[in-house]
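Just so you know, the sequence shown maps onto residues 76 to 457 in our numbering. Here is the structure we will look at.
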Amino acid sequence: MSDGHQHNGNEKVPSRQRRRFPGISSRAYEHPADRSALVALRKLTGFDTVFKALSGLLPERSLRLLFLSDSVRVSDRQFTHLNVMLRDACYILDLEKVPPMYVKQDPTPNAMCIGMDEPIIVVTTGLVELLDEEEMRAVVGHEVGHALSGHSVYRTILLFLTSLAVRVAWIPLGNVAIMAIVTALREWFRKSELSADRAGLLVGQDPQASMRGLMKIAGGNHLHEMNVDAFLEQAEEYEAGGDLRDSVLKILNVLPRSHPFTTVRAAELKKWAETREYQRVMDGHYPRRDEDKDTSVRDSWRDSASSYAGDVKNSKDPLMKLVSDIAGGAGDLGDRVRRGFGGFTSSGPRPAQGPDGPGEPGASPDPDGGAGGNGRPPRDGA
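Okay, here's the thing in structure tokens:
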């Protein structure tokens, strides 16, 4: 366990004991959508065999050699503080084999867990230099959570297919077919990031440190200029603001990304940290790995459907409110449809405006809107 000391100029971190979760199943922290997809895949006869057969086509050996030759491997002699965190995270989540970890020179804060046969964890120098010890501990736990859940296999396939899509872009319809698979994998992977954030919280066991880490990934190393509560308020404003047009733009903005937006991740993690489910895990009541074989696909899908229904019902997003209204037979729905996109605001129906008013149904959206504002998709964070 860590003892209090200075790291990267940050405040001292007090030594403290962390709970361990012997035999914990990844089902204990997996997001419902992520969990149902993984359970279904694991239940398919021969699925793992088929995917491992693809290892000959995937550049996994090349990746291992690349990191070994052009990055720094974490050990008891190199980046020793990261090595302690890695071994500690594996101990807490009871991951028997400690994955190799590499530090790669890259100013962009990022981390990933890849590999078909065995996971490899890679963190960039930008991330190591950005985060303090407790924030970094949550990130290492995040990546160990990916390893425990088996996400590295699908992440490797996603990287391969993304690269392949670029190479075959000139072939008519070839890129379309591959990008359809890539889009589906990205949607799953975004959900898997929410799962791994929960794993990071179970390892770090410090919600504020997890929130600070996400906030720094969004805003850089200016902690004295930022506030976690204000950052979380951004997530609430993002979810509730605007009208149906904004809901559509949110979808377009997130499609090219492999990670959810950082404010959304922080809000999702805070919400889970306040649930009885999280507290039960911390109290030692969680699904065990040896029970995974008895997991029911139907029960998992039912839990996922129930979770989505709750999200739709409680969401402040205009599109989700529309879905909820349709399901509930809202009396003013027809009028809102007749009034167009401006009728689907988070605050409900608005009074009629003049020809130049802000609520004019025919008003054009912001010319700088869209997936990337300037026509380019936003760049992913860590």
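Ideal placement from N, C-alpha and C gives every residue a C-beta, glycine not left out. Keep in mind the model is a prediction, meaning the values are calculated, not measured.
Can you give the beta carbon distance from Thr37 to Ile189, rounded, assuming they're within the 8 Å contact cut? Outside the shown range of the chain (76 to 457) lies residue 37, about which nothing can therefore be said.
Once DSSP output is grouped into helix, strand and coil, what is the label at Arg94? In the structure shown, Arg94 sits in coil (DSSP, three-state: anything other than H, G, I, E or B).
What would DSSP say about Met286, mapped onto helix, strand or coil? Met286 falls in the helix class under three-state DSSP.
So, does the region 202-212 touch the region 277-288, judging by three or more C-beta pairs under 8 Å? The answer is yes - the region 277-288 touches the region 202-212, with three or more Cβ pairs under 8 Å.
Our contact map puts Leu307 next to Ala271 with C-beta atoms below 8 Å; I'd like the distance itself, whole angstroms only. The Cβ separation is near 19 Å, so there is no contact.
What number of angstroms, rounded off, separates the C-alpha of Glu208 from the C-alpha of Lys179? When rounded, the distance between both Cα atoms is 18 Å.
Identify, in the order they occur along the chain, each residue of the same chain with its Cβ nearer than 6 Å to the Cβ of Val147, setting aside the five sequence neighbours on each side. Hits under 6 Å: Gln153, Val178.
Residues that DSSP places opposite Ile196 in a beta bridge: DSSP, once it has assigned bridges, lists Met176, Cys188 as partnering Ile196.
May I ask you to check if the CB of Ser137 is nearer than 7 Å to at least one heavy atom of the ligand SAM? This structure lacks the ligand SAM, and indeed carries no ligand of any kind.
DSSP-derived helix/strand/coil call for Arg148: Reduced to three states, the DSSP call for Arg148 is strand.
Alpha carbon to alpha carbon, how far is Ser285 from Ser101? Give it in angstroms, no decimals. Going from the Cα of Ser101 to the Cα of Ser285 covers about 19 Å.
Can you give me the Cβ contacts of Asn296 inside the same chain, cut-off strictly under 7 Å, excluding the 5 residues immediately before and after it? Within the same chain, Asn296 has close Cβ partners Leu205.
Answer with buried or exposed for Glu366, where buried requires no fewer than 16 other C-beta atoms within 10 angstroms of its C-beta. Residue burial annotation: Glu366 is exposed, with fewer than 16 other C-beta atoms found within 10 angstroms of its C-beta.
Status (buried if at least 16 other CB within 10 Å, exposed otherwise) for Ile195: With 16 or more other CB atoms across the displayed protein chains lying within 10 angstroms of its CB, Ile195 is buried.
For the pair the region 214-230 and the region 156-172, tell me if three or more CB-CB distances fall below 8 Å. These segments touch.
Proximity winner among Leu170, Asn158, Met160, Thr199, relative to Phe96 (alpha-carbon distances): The shortest C-alpha separation from Phe96 is found at Leu170.
Quick check on Ile99: buried or exposed, where buried means 16 or more other Cβ atoms within 10 Å of its Cβ? So Ile99 ends up on the buried side.
When you compare only the Cα positions, how much space is there between His334 and Leu141? Looking at the backbone, the Cα of His334 and that of Leu141 are separated by about 24 Å.
Span of the alpha helix (DSSP H) holding Asn296? For Asn296, there is no enclosing alpha helix (DSSP H), as DSSP marks it with neither H nor E.
I need the DSSP call for Arg355, collapsed to helix, strand or coil. It is helical.
Would you mind giving the Cβ-Cβ distance between Val173 and Ala186, rounded to the nearest angstrom? I have them listed as a contact below 8 Å. The pair is not a contact, with the Cβ atoms about 16 Å apart (cut-off 8 Å).
Let me check understanding here. Comparing Cα to Cα, which of Trp347, Lys345, Leu168, Arg265 lies closest to Gly220? When C-alpha distances from Gly220 are compared across Trp347, Lys345, Leu168, Arg265, the shortest belongs to Leu168.
Measuring only the C-alpha atoms, how far is Pro362 from Pro107? The C-alpha of Pro362 lies about 14 Å from the C-alpha of Pro107.
Compare the beta carbon distance of Ala348 and Leu276 with 8 Å and say whether it is the shorter of the two. Result yes, Cβ atoms of Ala348 and Leu276 sit closer than 8 Å.
Of all the options Ala103, Gly294, Leu289, Glu343, which has the alpha carbon lying nearest to the alpha carbon of Glu314? Distances from the alpha-carbon of Glu314 to those of Ala103, Gly294, Leu289, Glu343 put Glu343 closest.
8 Å contact criterion, which Arg261 and Leu233 should meet: CB distance rounded: Contact holds; Cβ gap of about 7 Å.
Just the C-alpha distance for Arg139 and Glu312, rounded to the nearest angstrom, thanks. C-alpha separation (whole angstroms): 42 Å.
Going by CA-CA distance only, name the one from Val303, Asp192, Lys266 that's closest to Val228. Taking Val228 as reference, the option from Val303, Asp192, Lys266 with the minimal CA-CA separation is Asp192.
Cβ pair Asp109, Leu269 closer than 8 Å: In this structure, the beta-carbon distance from Asp109 to Leu269 falls below 8 Å.
Please determine, among Trp263, His226, Val257, Ser224, the residue with the shortest C-alpha to C-alpha distance to Phe235. For the residues Trp263, His226, Val257, Ser224, the minimum Cα distance to Phe235 belongs to Val257.
Please classify Arg332: does DSSP put it in a helix, a strand, or coil? DSSP places Arg332 in coil when its eight states are reduced to three.
Kindly list the residues whose CB is nearer than 6 Å to the CB of Met176, restricted to its own chain and excluding five residues on each side of it in sequence; keep chain order. Closer than 6 Å at Cβ, skipping near neighbours: Val149, Leu161, Ile196.
Tell me the rounded alpha-carbon separation between Gln309 and Asp151. Using only the alpha carbons, I get a separation of about 40 Å.
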